[in-house]
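*Asks:* Heads up: the first sequence at position 300 corresponds to 302 in the numbering used here, and the numbers run straight through without jumps.
So that we are looking at the same thing, I have put the structure below in structure tokens.
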Amino acid sequence: MPRFARSLVWFRRDLRDFDHAAFAAALRESAAVYCVFVFDREILDRLPDRADRRVEYIHGSVSELDARLRAAGGGLIVRHDLARDAVPELAQALSVDAVYANHDYEPRAIARDAAVGQALAARGRSFLTFKDQVVFERDEILTRAGRPFAVFTPYRNAWLAALTPAHFASHDVEAHRRAIAPVPAALDTPLPTLEALGFAPTGLALVPGMTGGAQRFADFRNRIDRYRDARDYPSIKGPSYLSTDLRFGTVSIRQLAQFAHARSLHAGGEGAGTWLNELIWREFYAQILWHHPHVVDHAFRPEYDALAFRNDPKQFAAWCAGTTGYPIVDAAMRQLNQTGYMHNRLRMIAASFLVKDLLVDWRWGERYFADKLNDFDLASNNGGWQWAASTGCDAQPYFRIFNPVTQSERFDAQGSFIRRYVPELAALRDDEIHAPWQQPIVTQQERGVIIGRDYPVPIVDHALARQQALEMFAAVRTP
DNA sequence: TGAAATGTTGGGGCG
DNA sequence: ACGCCCCAACATTTC
3 MPRFARSLVW
13 FRRDLRDFDH
23 AAFAAALRES
33 AAVYCVFVFD
43 REILDRLPDR
53 ADRRVEYIHG
63 SVSELDARLR
73 AAGGGLIVRH
83 DLARDAVPEL
93 AQALSVDAVY
103 ANHDYEPRAI
113 ARDAAVGQAL
123 AARGRSFLTF
133 KDQVVFERDE
143 ILTRAGRPFA
153 VFTPYRNAWL
163 AALTPAHFAS
173 HDVEAHRRAI
183 APVPAALDTP
193 LPTLEALGFA
203 PTGLALVPGM
213 TGGAQRFADF
223 RNRIDRYRDA
233 RDYPSIKGPS
243 YLSTDLRFGT
253 VSIRQLAQFA
263 HARSLHAGGE
273 GAGTWLNELI
283 WREFYAQILW
293 HHPHVVDHAF
303 RPEYDALAFR
313 NDPKQFAAWC
323 AGTTGYPIVD
333 AAMRQLNQTG
343 YMHNRLRMIA
353 ASFLVKDLLV
363 DWRWGERYFA
373 DKLNDFDLAS
383 NNGGWQWAAS
393 TGCDAQPYFR
403 IFNPVTQSER
413 FDAQGSFIRR
423 YVPELAALRD
433 DEIHAPWQQP
443 IVTQQERGVI
453 IGRDYPVPIV
463 DHALARQQAL
473 EMFAAVRTP
């Protein structure tokens with residue numbers, strides 16, 4: 003005898019029909035289960051660009067989810083509305099007993115879910131939410147003193163110590179798929195087109211949805227053993243490229259973490275262990291955001307809110323456009339602008355350059371990444387920026403300032419990544435391409451690459467900028 | 001998940 | 001043969 007006659011599963015950042023905590027629970031506990039996705043105007047209307055790769059990715063993923071649900075006898079009810087209104091209204095129209103969703107740890111989502119929960123409760127409906135997007139959430143990993151961790155390494159050790167096979171158990175949808183109910187005819191409107199949502203196609207290269215996620219996971223499984231040694235070189239295929247799937251839930255974190263963990267215990271499993279670490283970083287930052295929501299607008303460590311950034315708008319614009327005169331930084335920013343992706347090593351280099359060479363507030367860079375990254379996730383993006391800016395928990399020390407030339411020589415030694423995204427430098431030799439302004443004018447003429455004509459003169463001098471950054475940090479340092 | 005400044009060492013040139 | 005200097009090469013410290 004099911005607990006509920008009818009229930010509604012609200013899909014958000016979990017766009018899949020397998021190993022899905024809320025969906026599985028709803029099917030287990032209900033006689034009839036409906037499914038909804040809302041293109042939330044509260045989110046879409048805030049996007050600065052009407053051609054947004056994420057919206058296209060979500061649209062494609064929602065379309066696939068709808069098709070898979072229809073094949074299972076159901077379907078996805080899709081709305082373009084304020085989610086906080088649309089979900090309770092739909093619950094009323096369907097007269098469901100409960101709405102099921104997965105936890106979201108971002109402050110805006112928490113507020114939205116609280117409002118939805120209240121509206122549902124006012125009509126006697128339950129709002130049931132579940133852990134789904136992480137292996138460990140909120141208070142599940144705490145210090146011996148019962149406090150959240152603020153340093154990664156002990157967090158990771160506690161995370162691994164707490165892990166049991168049960169944490170990888172699948173939230174099985176298949177076993178209860180009989181409860182999937184067809185969309186009532188009156189509510190069965192066609193999926194809105196991208197254009198109807200107010201967005202233009204972007205020519206997204208990324209295959210969306212569970213299909214894309216499964217392809218990327220399958221591909222990465224073959225490369226995971228090389229991950230540790232390959233991941234730092236942006237010109238080669240080292241990363242998993244699963245970050246967007248993790249953001250929108252087109253893959254299951256449990257399946258990914260289970261594979262990585264099992265593989266990490268094998269001989270030669272160091273690559274998998276290194277990647278598992280990255281998954282744990284993701285959960286570390288999710289947990290930081292949950293416990294310290296002030297990081298959204300402020301430095302984790304309040305004394306760093308007093309940093310006197312220069313915030314030169316022209317230099318910031320040059321950073322955004324990829325015209326700083328530092329090839330590795332410009333290649334990184336152009337990769338982001340052209341594809342919506344940036345290699346993680348380059349995220350660190352670009353962030354370090356913005357904060358510690360241009361002396362621009364890390365929040366400006368964070369916002370730019372938030373607008374551009376296909377895989378943008380508030381917790382991870384904020385954590386990464388605060389790490390690079392040395393303002394965060396367990397951040398890199400403020401005096402650790404990347405030299406963009408050294409980093410370029412070390413991680414793009416042949417300049418092949420630079421040539422891909424900064425083609426005007428392609429004619430320079432491998433040892434010339436990292437600091438083209440240092441090449442004698444005769445060399446520039448021979449190569450047909452004149453700095454100041456074909457490519458910008460560096461907008462700052464790194465050695466000088468480094469000194470200024472150290473002074474900026476010294477001014478707020480507690481003695 | 002650095003880089004630069006500073007210190008130390010030791011080989012070789014040279015008077 | 002010896003001391004002195006230079007300066008890589010490496011190590012340590014400092015930011």
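Cβ atoms here follow ideal geometry from the backbone N, Cα and C, with glycine treated the same way.
1) Using a Cβ-Cβ cutoff of less than 6 Å, which residues in the same chain neighbour S128 once the five nearest sequence positions on both sides are dropped?
2) If you reduce the DSSP assignment to three classes, tell me which class D373 lands in.
3) Which first and last residues belong to the beta strand (DSSP E) in which A100 is found?
4) Reducing DSSP to helix, strand and coil, say where V35 ends up.
5) Does the Cβ of T191 have 16 or more other Cβ atoms within 10 Å, making it buried, or fewer, making it exposed?
6) Among W389, E108, V38 and F371, which residue has its Cα nearest to the Cα of P90?
7) When DSSP labels each residue in this structure, what does L189 get in the three-state scheme?
8) Here's the rule I'm using: 16 or more other beta-carbon atoms within 10 Å means buried, otherwise exposed. How should F401 be labelled?
9) Give a yes or no on whether the C-beta atoms belonging to T393 and A308 are separated by under 8 Å.
10) Could you check the C-alpha separation between D314 and E473 for me, to the nearest Å?
11) Measuring alpha carbon to alpha carbon, tell me which of F170, W321, G417 and H345 ends up nearest F355.
12) Measure the beta-carbon distance from A274 to R265 and round it to whole angstroms, keeping in mind my assumption that it falls under 8 Å.
13) By the DSSP assignment, the alpha helix (DSSP H) with H82 in it spans what residues?
14) Return yes when the Cβ of L258 is within less than 8 Å of the Cβ of L244, no when it is not.
15) Could you give the distance in angstroms between the alpha-carbon of V98 and the alpha-carbon of S9?
16) Would P109 and V298 qualify as a contact pair, given that the criterion is a beta-carbon distance under 8 Å?
17) Would the stretch 443-462 and the stretch 418-435 be scored as touching if the rule is three or more Cβ pairs under 8 Å?
18) Got a sec, what are the start and stop residues for the beta strand (DSSP E) T131 sits in?
19) Can you list, in chain order, the residues of its chain whose CB lies under 8 Å from that of S237, leaving out five sequence neighbours each side?
20) Based on DSSP bridge pairs, tell me the residues matched to F413.
21) Since Y343 and P460 are thought to touch, with beta carbons under 8 Å apart, how far apart are those beta carbons, to the nearest angstrom?
22) Give me the DSSP bridge partner(s) of F41.
23) Counting Cβ pairs closer than 8 Å, one from the stretch 217-231 and one from the stretch 179-197, do we hit at least three?
24) Identify which residue in Q470, T326, V357 and K374 has its Cα closest to the Cα of H436.
25) Just curious, the beta strand (DSSP E) that W12 is in, first and last residue?
26) With H, G and I counted as helix, E and B as strand and the rest as coil, what does DSSP make of Y59?
27) Quick one: give me the first and last residue of the alpha helix (DSSP H) that A53 is part of.
28) Per DSSP, what kind of secondary structure is L267 in: helix, strand or coil?
29) For the alpha helix (DSSP H) containing L122, name the first residue and the last one.
30) With a cut-off of 8 Å, do at least 3 Cβ pairs link the stretch 155-168 to the stretch 10-17?
31) Is L196 helix, strand or coil by DSSP?
32) At a cut of 8 Å, does the stretch 245-256 reach the stretch 229-236 through at least three beta carbon pairs?
33) With Y335 as the anchor, note down where its alpha helix (DSSP H) starts and where it stops.
34) Grab me the residues of H293's own chain with a C-beta within less than 7 Å of its C-beta, minus the 5 sequence neighbours each way, in chain order.
35) Which of the three DSSP states is assigned to Y457 in this structure?
36) What residue range is occupied by the uninterrupted alpha helix (DSSP H) comprising L348?
*Replies:* So, from the listed chains and residues:
1) The answer, listed in chain order, is A100.
2) Of the three classes helix, strand and coil, the one that applies to D373 here is helix, per DSSP.
3) The continuous beta strand (DSSP E) containing A100 extends over residues A100 to N104.
4) In the structure shown, V35 sits in a strand (DSSP, three-state: E or B).
5) With fewer than 16 Cβ atoms within 10 Å of its Cβ, T191 is classed as exposed.
6) When each option's Cα is compared against that of P90, the closest is V38.
7) In the three-state scheme derived from DSSP, where H, G and I count as helix and E and B as strand, L189 is classed as helix.
8) Classification of F401: exposed, given that the 10 Å Cβ count is below 16.
9) In this structure, A308 does not lie closer than 8 Å to T393 by Cβ.
10) The straight-line gap from Cα to Cα measures roughly 17 Å.
11) Looking at the Cα atoms, W321 is the closest of the given residues.
12) Contact holds; Cβ gap of about 4 Å.
13) For H82, there is no enclosing alpha helix (DSSP H); the enclosing beta strand (DSSP E) has its first and last residue at L78 to D83.
14) A contact, by the Cβ cut-off of 8 Å.
15) Looking at the two C-alpha atoms, the distance is approximately 5 Å.
16) The answer is yes: Cβ separation under 8 Å.
17) Yes: the two stretches touch, three or more of their Cβ pairs being nearer than 8 Å.
18) That run of the beta strand (DSSP E) goes S128 to F132.
19) Here the set comprises D414, Q416, S418, F419 and R422.
20) Bridge partners of F413: none, in fact.
21) Contact doesn't hold; Cβ gap of about 25 Å is too wide.
22) In DSSP, F41 forms a bridge with H82.
23) The stretch 217-231 vs the stretch 179-197: no contact.
24) That would be T326, whose Cα lies nearest to the Cα of H436.
25) W12 -> beta strand (DSSP E) spans F6 to F13.
26) Correct three-state label for Y59: helix.
27) First-last for A53: undefined, no H or E at that position.
28) L267 falls in the coil class under three-state DSSP.
29) P109 to A124 is the span of the alpha helix (DSSP H), which, as asked, contains L122.
30) The stretch 155-168, when compared against the stretch 10-17, does not touch it at the 8 Å Cβ threshold.
31) Note: L196 maps to coil in three-state DSSP.
32) Judged by Cβ distances under 8 Å, the stretch 245-256 makes no contact with the stretch 229-236, as fewer than three pairs qualify.
33) Looking at the sequence itself, residue 335 is Met, so the reference to Tyr does not match. Here the alpha helix (DSSP H) through M335 covers P329 to T341.
34) Listed in chain order, the non-local C-beta contacts of H293 below 7 Å within the same chain comprise P150, local neighbours out to five positions each way being set aside.
35) Residue state, collapsed to three classes: strand.
36) Residues N346 to S354.
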